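Undergrad: Under my numbering, the first residue of the sequence shown is numbered -5, with each subsequent residue one higher. Have a look at this one before I ask anything.
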Amino acid sequence: MLGSAVTLAVTGDGSPEASVRPSSERSGLPWPSGGSDDAGIAEFERWRGRRADVRVMWNSTSTWAEAEPAQGLREAREQGEPRLISYAVPLVTEESGQDLRACAAGANDRRFRVMARNVVDNGFGSAIVRIGWEGSASWYPWGVTNPVNGGVQEAQRAFREGFRRCAAAFREVAPDVRIELNYGSARGRTNVADVYPGDEYVDVVGNDVYLSPDVRSAQDWQRACRAGTAERPVGLQRYAEFARAHGKLFAVAEWGLDTTEAPDADAVAYVEGMARLFRDHRDVLAYEGYYNRTNDAAAPCRFRLDEGCNPAAAAAYLRLFGAAATAA
């Protein structure tokens, strides 16, 4: 049995009913706010001077032997994690012989049910589950632009069916989770509209957006945000419009600087633009999460805002998301 996707109830002013959106009570911001850090999220909370509503987490992509035990969820449960969990799960892993076509044929259905059971057993049955996150990417084994999955059109069909199978497995075992379709543009080679599995399989539409080198001003950021159309979104503004058109919530599970790829970009304009976007779409924003992690030992400040990293962007973030930010 598939279960039921969330279709937003609409109030008289055109906004969805607040009851369908995650709470922002912990942060006190007008939208659910959070992120990720190397050691959970408590250190990030202390740095920004404001509690987080959401903790963004990832399952392993290496092997099913690593993914199925859900070690991160167990540790979060043992820590008494009080926040909403955004949990990214793979459609396939990096093991040889894994690809989207096998997934679409049902090869991983049992594994999806195991992951869903772990979500429930660890006390996170109301989590937001990001299935096959960043699905347009070439660097993940389920990415539709990864050559292992055949041509892009074939891969899009397989991704769509694999997503449906994974969503159905989670809804069968964990009926209270919310399913997120998290995608990207892959420089025009594919679009979220090409893999959209149907409204019945999706509760949240999201995209991960890191600072790109062509953002050198607030005008550049606005231009990037508005790229594409509501029917075929590229920029975040269009993703929000796409979500609205389908009666879904909108999310940005990962956003952050990238000083390696965009060393000369205007980081302050980016942070200010993100805050403006979240405020403009707070009525449908499921959550946003800043990626405050060190995943590049050669460049420890590549994404981070704390520990003295990227001081101008850090100051902008604290002004707009920290203790001094207003809840209006």
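For every residue, glycine included, the Cβ atom is placed at its ideal position computed from N, Cα and C. Since the structure is predicted, the reported quantities are computational estimates derived from the model, not experimental observations.
Classify residue 308 as buried or exposed, calling it buried when 16 or more other Cβ atoms lie within 10 Å of its own Cβ.
TA: Per the 10 Å Cβ criterion, buried.
Undergrad: Could I get the ranges of all uninterrupted beta strand (DSSP E) runs contained in the segment 240 to 291, with 3 residues as the minimum, in chain order?
TA: 243 to 250 and 279 to 286
Undergrad: Would you list the one or two residues that DSSP bridges to residue 80?
TA: 50 and 122
Undergrad: Could you check whether residue 88 and residue 125 sit closer than 9 Å to each other, using their CB atoms as the reference points?
TA: no
Undergrad: Measuring alpha carbon to alpha carbon, tell me which residue in 45, 310, 192 and 220 is nearest residue 22.
TA: It is 45.
Undergrad: Do the segment 195 to 210 and the segment 237 to 249 make contact, defined as three or more Cβ pairs closer than 8 Å?
TA: yes
Undergrad: When we look at the beta-carbon of residue 227 and count the other beta-carbons within 10 Å, is it buried (16 or more) or exposed?
TA: buried
Undergrad: Taking the alpha-carbon positions, what's the residue 155 to residue 301 distance?
TA: 43 Å
Undergrad: If you reduce the DSSP assignment to three classes, tell me which class residue 193 lands in.
TA: helix
Undergrad: Checking 9 Å against the spacing of the C-beta atoms, do residue 31 and residue 38 come in under that value?
TA: In this structure, residue 38 lies closer than 9 Å to residue 31 by Cβ.
Undergrad: Would you mind working out which of 313, 57 and 237 sits nearest residue 269, comparing C-alpha positions?
TA: Between residue 269 and the set 313, 57 and 237, the nearest pair of CA atoms involves 313.
Undergrad: With distance defined between alpha-carbon atoms, name the residue in 142, 115 and 304 nearest to residue 171.
TA: 115
Undergrad: When the Cβ atoms of the segment 131 to 138 are set against those of the segment 72 to 81, are three or more pairs found closer than 8 Å?
TA: no
Undergrad: Counting only runs of 4+ residues fully inside the segment 106 to 192, write out the alpha helix (DSSP H) ranges in chain order.
TA: 146 to 167 and 186 to 189
Undergrad: CA-CA distance, residue 310 and residue 169?
TA: Between residue 310 and residue 169, the C-alpha separation is close to 39 Å.
Undergrad: With residue 31 as the anchor, note down where its beta strand (DSSP E) starts and where it stops.
TA: Bounds of the beta strand (DSSP E) holding residue 31 are 27 to 31.
Undergrad: If you follow the beta strand (DSSP E) that residue 200 is part of, which residue opens it and which one closes it?
TA: 198 to 201
Undergrad: Could you spell out the range, first to last residue, of the alpha helix (DSSP H) harbouring residue 214?
TA: Residues 212 to 219.
Undergrad: Looking only at its chain, what residues have a beta carbon closer than 8 Å to the beta carbon of residue 61, apart from the 5 residues adjacent to it on each side?
TA: 53, 54, 55, 83, 84, 87, 105 and 109
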